[in-house]
Each structure stands twice: as C-alpha cells, then as structure tokens.
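**Q**
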Ligand code: ADP
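Numbering (my numbering), first residue to last: 27 to 497.
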C-alpha cells in the first residue's frame, strides 16, 4: 500500500480553496443557507464528506429536496485526504491493460484483509457495484489510470486523488443547488425519533442556534472517529493515547454516538487502521525499521529500544503509545535513508541528520551515551524483545525523526442492511435512518483494503439515497 496523506497545511489550503473556489478550476460552492433557513426536507444528510456528497447528489437527482449539514466550514472530511485512489474490479482499465483484478479477486482481498469478519453480503454488494461506481466517477469528468504496480488500485491521471474527488463531487452537487442545500458550520447533535421512526435531527447552526430539521429520511454520513482519541480508547484500550496525525478535525464519531443513543447496533468497533509510523499528516512504511539487513530501530525518550520493531503494525502502534509522550524516535542509517521510504520519512517528518550517533542524539534531545550503547547492542544483535531478524544502524550519516502512532481509518460503526438502513441491536431496521461511508461498521471486519473506502462512499451513498427516496 502506498497511501500517503497530505500535510495538514495542504489539507487546510485545499479546504479553503474548495470553499472559496480558489483551487484550479474549483467549482462554485453551493450557495450558503438562505437567511430564513428551511427546517424540513425530504432527506436530511448529516456530514459532507464523500458519502454525504454522493448521497446528496443522488437524492437530488431523484427529485428529493435535500438538506446536507456539515459541521466544518467546508465539505470534504477525511475523503479529502484519501491520497492514492479507488479500488474497483473488472473495469475497462483492467480489460484494456490485460491486467485482471476480478470481482472474485476483489471479494477475496476484502474478506481476507478484514480477517473474514466482514459481512459477506455487504462486501458482495460493494464489489458488484465497483465498476458502476468507477464509471460514475468518469461521468464527473475525473480521469484515472491503473496503478503501474498493483492492479487493484485505480489512481488519478493527475492531481491528488481525494482533493480532485471532492472538487468533482462539489461541482456536481452545485448543479442541484435548487434541490440540495449544503449548510456549513451546522452540527447535528441528536436524532429525533417519533413512534420508533427517525424523523429528523437537532442541529446547532453557525450562530450557535439550535433547531430541529425534520425529514422523511435521515442519512448519517459523519465519517469515523480518528480524531476522537478518548472514544478510540473506549472501544479499544490498546490504543489509549493515540495521536491524531492522520485525520481531519471533523472525524469525532458523532454519528456513531447519535445512532448509539437511539439503540443502533454497532459492529467491529474495536478495529482501527493504526499507523505506527506517522507524523504531520503522513504515514510511513514500517519497512524503515523492520527490513531484514537494513531496517533501523525505534527508541523512546530514554534513548532505549523498547520493542521488537518487526511485530505487526497494530501491535507496534500500541507499544509506541505506551512510551513517554506516546511517541518514539526512528533512527536509521544512510542505507535506509537511500531508500524511497527512508528518505520520505526524514523529509516529511522533518527529521535530523548527523555524522555521528552522539550528534544525532543531541539533535533529537536524547542522551548521547545511551543512544550509542543502544545502537551498539542492536548492531551486535543483542535483543531482549524477541526480534528475530535484524537490520543495522552502521553507515554514516545517521538520521532520526519523531513518530506518533495515529488512527488512519475506523473500521467499526453502525450496522446496516443491504439497503443501507441502520439496524437496531436485534437486527431490526430503524425506520427513517440510513448510514453510508466510514460511519458504517461490518463492511470491513478487522481491516480495510486501501481504496475500498471511497468506493464504499459511492456505493452506499447511492444505495442509501435511492432507498430513502423510494427508488
Ligand atoms: P466519509 O468518507 O464516510 O464520507 P468523511 O470523513 O469524508 O467520511 O466525511 C464525514 C463528514 O461528516 C466530515 O466532513 C465531518 O466534518 C462531517 N461531520 C461529522 N460529524 C458531524 C456532525 N455532527 N454534524 C455535521 N457534520 C458532521
């Protein structure tokens, strides 16, 4: 996988750009809410990331009056930082390149990555709809190619995948301005239920005023909880203290809380995609510290190793989070730096370089003698953490950078059926309530294939909206 997040600065620039129409050929944003804001619609959508925008477009396209509330000053959510591309199977691109990635491959890869915990019916739906989703993106004017290495990846011909996608979705949404109102800085706080049916939601608008928006159907598209460390720790204490380097601010699990409050069933809440090596909105491959013969080490603030760096990434993240300040330092030599991944980490994590280990330690604020002793031990393959294969930190110059493990994707969320209707704890439909996107649980089980996430935004955003308007 080579999903690379863009820096938070770039993200904010893109958000502002999309909002103000200042990015290259950015769409005119959907007009702001009228002075007298409407308080009812056919469909209320909560959240304006990929899933919410797709649902909004689809509902409006099918004739519904739609209000979409987005709590941030701009749409996009974590969809905006989807860096690489979309996963789809049996597309024209695969056929043209004679590089098959079949529906069967797609299904198998999705199930296996999720440790076979995912809901097979939902996965089948995702896979069977992936070519249509891909073709739909083309109708928005987006252009893609197959990744040169991995046939499951469909990547943009140019530009940043998530930014281009959000731009195109915003442009399409703007064409339905008479039907689809996007209300920014408006946060949904509670679902309103009457006689067991969801009939709207309480929202707080940008002036802090509370109101209820009623609707025949409500679609939750609030994304995950990557920016809610306490909530992550509640669902999986292994990740207590997790950092938030890999998310946009709006991903605070609101939809899960709102659904939970009315008795929705949650699934797979303990599973997250954690990145042990991450900083400044980027994540880095663990190969930097675990490659046999080459990989460097991780040390804590005491300049000591504390872990077998070759352990599984989820466990590695957890071990780093137990160290002082929930972080560690990556220390590598020039051979690792010479690799693409090594150089990238030192660059993006604003690492330091030194001719000696002692000088490197000083620059990192670590005790020089301890770091030297730690590295000598490691180079002599003396290890008390069970590391079986070793790299080395031997060839000057040396490099070091901070890493702060962060959540990259929330696997868990509200349970849905194949019509994207939210289910209660007994598996019964909660009338009037739908969910799409990262807020959904059960679609991935324990792990996600990169690129399936924006695919599911499209597939389930459309399914939810169509069902909500009776199509
Ligand atoms: P997905 O890929 O599932 O669409 P995203 O993270 O891209 O997920 O988008 C989710 C969007 O929902 C974000 O823009 C986020 O700010 C928004 N959001 C989250 N909670 C609320 C809420 N309570 N009210 C309104 N918008 C919300």
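Using N, Cα and C, we set each Cβ at its ideal position, and we do this for glycine too.
#1: Please list, in chain order, all residues of the same chain as residue 266 whose beta carbon is under 6 Å from its beta carbon, the five residues on each side excluded.
#2: Kindly examine the ligand ADP and report whether one of its heavy atoms sits closer than 8 Å to the Cβ of residue 430.
#3: Note down, in chain order, each residue of its chain lying with its Cβ closer than 8 Å to the Cβ of residue 213, except the 5 sequence neighbours on either side.
#4: Taking residue 405 as the reference, give the member of 393, 420, 388 and 367 with the closest Cα.
#5: Should residue 301 go down as buried or exposed, given a rule of 16 or more other Cβ atoms within 10 Å for buried?
#6: Run the CB neighbour count on residue 411, radius 10 Å, all protein chains shown included, and call it buried at 16 or more, exposed below.
#7: Would DSSP call residue 52 helix, strand or coil?
#8: Counting only runs of 3+ residues fully inside the segment 330-382, write out the beta strand (DSSP E) ranges in chain order.
#9: Would you list the one or two residues that DSSP bridges to residue 243?
#10: To the nearest angstrom, how far is the alpha carbon of residue 496 from that of residue 273?
#11: Give me whichever residues DSSP pairs with residue 425 in a beta bridge.
#12: In the DSSP assignment, the alpha helix (DSSP H) including residue 119 goes from what residue to what residue?
#13: When the Cα atoms are used, what is the spatial distance from residue 85 to residue 69?
#14: With distances taken between CB atoms, is the gap from residue 108 to residue 187 smaller than 9 Å?
#15: Does the segment 444-463 touch the segment 471-478, meaning 3 or more C-beta pairs lie closer than 8 Å?
#16: Please find out if some non-hydrogen atom of the ligand ADP comes closer than 8 Å to the beta-carbon of residue 235.
#17: Kindly list the residues whose CB is nearer than 7 Å to the CB of residue 400, restricted to its own chain and excluding five residues on each side of it in sequence; keep chain order.
#18: Whose C-alpha, out of 359, 349 and 426, is nearest the C-alpha of residue 375?
#19: How should residue 113 be labelled, buried or exposed, when 16 other C-beta atoms within 10 angstroms of its C-beta is the threshold for buried?
#20: Under a Cβ-count criterion, where at least 16 other Cβ atoms within 10 Å of its own Cβ denotes burial, should residue 487 be classed as buried or exposed?
#21: Please return the same chain residues whose Cβ sits closer than 7 Å to the Cβ of residue 31, not counting the five positions on each side in sequence.
#22: How is residue 450 classed by DSSP in three states: helix, strand or coil?
#23: Give the straight-line distance between the Cα atoms of residue 283 and residue 209, rounded to the nearest whole angstrom.
#24: Does residue 336 pass the burial test, meaning 16 or more other C-beta atoms within 10 Å, or should it be called exposed?
#25: Apart from the five residues just before and just after residue 363, which ones in its own chain have a Cβ nearer than 7 Å to its Cβ?
#26: Would residue 87 be called buried (16 or more neighbouring beta carbons within 10 Å of its own) or exposed?
#27: Assess contact between the segment 244-255 and the segment 432-449, defined as three or more Cβ pairs (one per stretch) separated by less than 8 Å. Is contact present?
**A** In short, the structure shows the following:
#1: Within the same chain, residue 266 has close Cβ partners 259.
#2: No, the beta carbon of residue 430 sits no closer than 8 Å to any heavy atom of the ligand ADP.
#3: Short of 8 Å from the beta carbon of residue 213, and not among the five residues preceding or following it, lie these beta carbons of its own chain, in chain order: 95, 97, 229, 230 and 280.
#4: The residue with the shortest Cα to Cα distance from residue 405 is 420.
#5: Buried, since its Cβ has 16 or more Cβ neighbours within 10 Å.
#6: The residue in question, residue 411, is exposed, as its Cβ has fewer than 16 Cβ neighbours within 10 Å.
#7: Annotation note: pLDDT 40 at residue 52 (below 50); position unreliable, coordinate value reported separately. In this structure, residue 52 counts as coil in the three-state DSSP scheme.
#8: You should have 354-359 and 378-380.
#9: For residue 243, the beta-bridge partners assigned by DSSP are 69.
#10: Computed Cα separation, rounded: 34 Å.
#11: Answer is 358 and 379, bridged to residue 425.
#12: It spans 118-123 - the alpha helix (DSSP H) in which residue 119 sits, taken as one unbroken run.
#13: Pairing residue 85 with residue 69, the inter-Cα distance amounts to about 7 Å.
#14: With respect to residue 187, residue 108 sits close: the two C-beta atoms are nearer than 9 Å.
#15: Counting Cβ pairs under 8 Å, fewer than three are found: no touch.
#16: No.
#17: 325, 329, 330 and 331, listed in sequence order.
#18: Check the Cα spacing between residue 375 and each of 359, 349 and 426: the tightest is with 426.
#19: By the neighbour-count criterion, in which a residue is buried when 16 or more other Cβ atoms sit within 10 angstroms of its Cβ, residue 113 is buried.
#20: Counting the other CB atoms within 10 Å of its CB gives residue 487 a total of 16 or more, which places it among the buried residues.
#21: Confidence at residue 31 is low in this model, with a pLDDT of 41, below 50, so the placement of that residue is unreliable and no value is reported for it.
#22: Strand, per DSSP.
#23: Residue 283 and residue 209: Cα-Cα distance of roughly 21 Å.
#24: Looking at its Cβ environment, which holds 16 or more other Cβ atoms inside 10 Å, residue 336 is buried.
#25: For residue 363, same chain residues with a beta-carbon under 7 Å away, outside a window of 5 residues either side, are 369, 372 and 425 in chain order.
#26: Using a 10 angstroms sphere on the CB of residue 87, the tally of other CB atoms reaches 16 or more, which defines it as buried.
#27: Contact between the segment 244-255 and the segment 432-449 is present: 3 or more CB-CB pairs across the two stretches fall below 8 Å.
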